[in-house]
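Here is the structure we will look at, set down as structure tokens.
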Amino acid sequence: QGNLPKALKHARASHAAYQKIGKHDSEITMLAQIGQMLGAMGQSEQALEMLERAVKQAREMRFERVLAFVLVIQAEELIQNGYFETAENVVLEGLELSGKKMLARESQFTSMLARIKRRIGQFGEAIQVAQTGLKLSDELGLPIQQVLQRLFISDAYLDLGAIQHARIHLEKTSSLIQETGINAFVLLFETLQARIEVLNRKPKSALSRLEKIQDSLGQAPIEHRLMFVTTLAQVQLEVGSVSLALQTLADFSGPTWLEARAQSIQLEALLNQPINMNVLEQQLQTTNAFFNSNRIPKLEAFQLLVAMKKAYAFLQHDHLAQKVESSLTKYRNELVQSLESEPQLQQSFLELYASI
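Quick note on numbering: the sequence shown equals residues 35 to 390 in the working numbering.
As structure tokens, this is what we get:
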């Protein structure tokens, strides 16, 4: 992060140089990388504008491989900012472009489509698409995609409370990490193992595991680090370290789905300590405004509603609690319906949220 402004300056200079000498494929590639850097610096609006320019130029020049590269970056930026419908259109274009011609890109786009399906709450489809992408990655021998797709599938299974399903993929992931030496993904692997311990009502074991791997933070992708942070805060809350959980999430900033997860934990934490009514009301206002942005993935929106319902009930805002209850029912039914083709997963999800 600290080197990004310097890297951005160099990228802009390279872009200008390529533009001057008419090396258009490199010019467009550099434009996309500038967009990616702007996104990483939190300047998402500028990033998306830059990426749209790059896509337009690649289409006009008919640079198919460059276009596929740019579409990956554009889709990722859209996913991070919660523009899932637009991201899906971008990924479908990428799949049409890369299908049977650029197999590694096809695997990447398939993986992204699975992520989008999961974010919009279509869990059954998400897992099916992810399995298709995983099969392609295995056939092509793409180790990074093989690991990432298995981690994604495991994470999705844990979202549904399907511990045994997740374990099967995590066991294979462990072998792949050892065989390939891709240590950048150890942090997420251990984070998911900690989530299993939480689901098995062993939060102290989960906390011990997470504390042991904090030194791996620097090697991991930023999203994996943020997943670690939200999981750590959840575990701290589970073991009763409420103030620590709030401290862990102080100034948290990340993709919309992790932001939603963080706000759910913050609300739960505020309800589990001596309560300052003004602080709770303020947090609820922030959470409500965020919820109404309509850029939150369906499961995280559902989890956010659970926390909001508890807070409104505590504050005796009965009409608001009832309104939230109505939305909760709607979201629960939609999530259950998305798993019609997976009755076991449907049952796991219902058992996980039986008390709500």
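Every residue, glycine too, gets a C-beta built ideally from N, C-alpha and C. In this text the structure is predicted, and so the values were computed from the model without any measurement.
Query                                                                                                              : Result
C-beta contact flag for Leu221 and His258 at 8 Å                                                                   : yes
Buried versus exposed call for Ile161 [16 or more other C-beta atoms within 10 Å across all chains shown]          : buried
Cβ-Cβ distance between Leu386 and Leu379 below 8 Å                                                                 : no
Gly128 versus Gly158: straight-line alpha-carbon distance, rounded                                                 : 22 Å
Range of the contiguous alpha helix (DSSP H) that encloses Ser379                                                  : A small correction: the amino acid at residue 379 is Leu; Ser does not occupy that position in the sequence shown. Residues 377-386.
Proximity of Gly69 and Ala88 at Cβ, strictly below 8 Å                                                             : yes
Limits of the unbroken alpha helix (DSSP H) element including Gly73                                                : 58-74
Whole-angstrom C-beta distance between Leu362 and Ile390, which should lie under 8 Å                               : 7 Å
Glu98 beta carbon near the ligand SAM (any heavy atom closer than 7 Å)                                             : Here there are no bound small molecules, and the ligand SAM is not part of this structure.
Close-in-space but distant-in-sequence residues of the same chain around Gln156 (CB under 6 Å, 5 per side omitted) : Ser372
Spatially closest choice to Gln401 from His199, Ile299, Met146, Thr321, by CA coordinates                          : Since the first residue shown for the chain is 35 and the last is 390, residue 401 is missing from the structure and cannot be characterised.
Residues near Ser239 by beta carbon distance below 7 Å, same chain, minus five either side                         : Glu231
Check whether Met342 and Leu292 have beta carbons under 8 Å apart                                                  : no
Pairwise C-alpha distance: Leu137 and Leu176                                                                       : 10 Å
Classification of Thr144 by the beta-carbon crowding that lies within 10 angstroms, buried from 16 upward          : buried
DSSP three-state assignment for Lys238, whether helix, strand or coil                                              : helix
Nearest candidate by alpha-carbon position, reference Ile202, set Gln212, Gln227, Leu369, Val313                   : Gln227
As assigned by DSSP and simplified to three states, the class of His351                                            : coil
Length of the line joining the Cα atoms of Ile241 and Gln270                                                       : With the sequence shown as reference, residue 241 is identified as Leu, and Ile is not the correct amino acid for it. Taking the straight line from one Cα to the other gives about 7 Å.
Whether Ile107 touches Lys332 by CB criterion (8 Å)                                                                : no
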